[in-house]
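Going letter by letter, the sequence shown gives residues 2 to 196 in this note's numbering.
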Amino acid sequence: MTPERSERLTNVLNKRQLNLTVVLENVADPHNISAVMRTCDAVGIQEIYILNTVIPRHKKWGAKSSSSASKWLTIHQFTDVQSCFDALRKRYKKIYTTHLSSDAVDLHDMNLTEEVALVFGNEHSGVSEELIALADGNFIIPQVGIIKSLNISVACAVSLYEAYRQKNIAGHYNQPQVTGNELAQLREQWGFLEL
Numbered sequence: 002m003t004p005e006r007s008e009r010l011t012n013v014l015n016k017r018q019l020n021l022t023v024v025l026e027n028v029a030d031p032h033n034i035s036a037v038m039r040t041c042d043a044v045g046i047q048e049i050y051i052l053n054t055v056i057p058r059h060k061k062w063g064a065k066s067s068s069s070a071s072k073w074l075t076i077h078q079f080t081d082v083q084s085c086f087d088a089l090r091k092r093y094k095k096i097y098t099t100h101l102s103s104d105a106v107d108l109h110d111m112n113l114t115e116e117v118a119l120v121f122g123n124e125h126s127g128v129s130e131e132l133i134a135l136a137d138g139n140f141i142i143p144q145v146g147i148i149k150s151l152n153i154s155v156a157c158a159v160s161l162y163e164a165y166r167q168k169n170i171a172g173h174y175n176q177p178q179v180t181g182n183e184l185a186q187l188r189e190q191w192g193f194l195e196l
């Protein structure tokens with residue numbers, strides 16, 4: 002590995018955030034998933050969770066919309082809600098769903114500096130009632146237009162950049178979170194990937 006490549010990988014790994022993740026529930030369009038992956042990579046998220054309970058497991062993502070971001074991420078796929086939530090609860094303190102409800106919290110009022118998983122649902126039906134019941138709360142992205150929803154990849158990008166803003170102010174990007182065996186494994190895995 003060249004010194005330049007090593008330095009680039011080190012710089013990216015030092016900014017990876019292990020206390021923030023995205024969960025995509027039954028998102029049907031692989032291009033939407035890929036666009037979300039691209040945003041995750043851009044803000045330093047390492048892990049993403051994909052839960053498919055009513056659609057088939059995805060075999061590939063939209064390469065053009067992701068710019069191959071998937072190869073730099075750790076992707077966890079589940080077909081069972083409880084297994085997915087068990088895995089999330091081991092790593093994240095809070096799980097919030099995007100859901101328009103009377104008790105939903107404004108995105109900008111959330112504390113996104115703690116260990117948080119943000120759940121985004123299907124393009125047409127949103128997050129399932131089962132997941133809403135298991136989550137710690139709901140959040141909404143403030144909007145003033147007629148249509149009270151955004152494309153899932155846009156909603157995810159808006160949410161993650163609010164998290165980025167909060168985490169950056171809190172200094173999270175100044176302290177490496179990926180260390181020890183996890184750092185060594187990712188460096189080895191990434192060392193063989195084309196930039």
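The C-beta atom is built at its ideal place from N, Cα and C for all residues, glycine as well.
Of all C-beta pairs linking the stretch 11-27 to the stretch 43-59, three or more are shorter than 8 Å, placing the two stretches in contact. Here Lys95 is bridged, per DSSP, to Val117. Look at the beta carbons and you see the stretch 91-98 not touching the stretch 71-81: under three pairs across the two are nearer than 8 Å. Setting aside the 5 residues that flank it on each side, Leu101 is surrounded in the same chain by Ile141, Lys149, each with a C-beta closer than 7 Å to its C-beta; the list follows chain order.
The residue among Val120, Val28, Ile147 with its C-alpha nearest the C-alpha of Ala134 is Val120. Membership of Glu131 in the alpha helix (DSSP H) is indicated by the continuous run 130-135.
For Val24, the uninterrupted beta strand (DSSP E) run begins and ends at 21-26, by DSSP. Beta-bridge partners assigned by DSSP to Tyr50: Val24, His77.
By the neighbour-count definition (other C-beta atoms within 10 Å, threshold 16), Tyr165 is a buried residue.
The criterion of a C-beta distance shorter than 8 Å is satisfied by Glu163 and Leu113.
DSSP lists Asp107 as the beta-bridge partner residues of Ile141. In the structure shown, the three-state DSSP call for Gly172 is coil.
When rounded, the separation of the alpha-carbon atoms in Gln18 and Val159 is 17 Å.
Following the DSSP letters along the chain, one finds Leu184 inside the alpha helix (DSSP H) bounded by residues 181-192. Under the three-state reduction of DSSP, Asn123 is assigned to strand. Separation of Asp107 and Asn152 (C-alpha to C-alpha, rounded to the nearest whole angstrom) is 18 Å. Contact check for Gly122 and Glu26: beta-carbon distance about 5 Å, within the 8 Å limit, so the pair qualifies.
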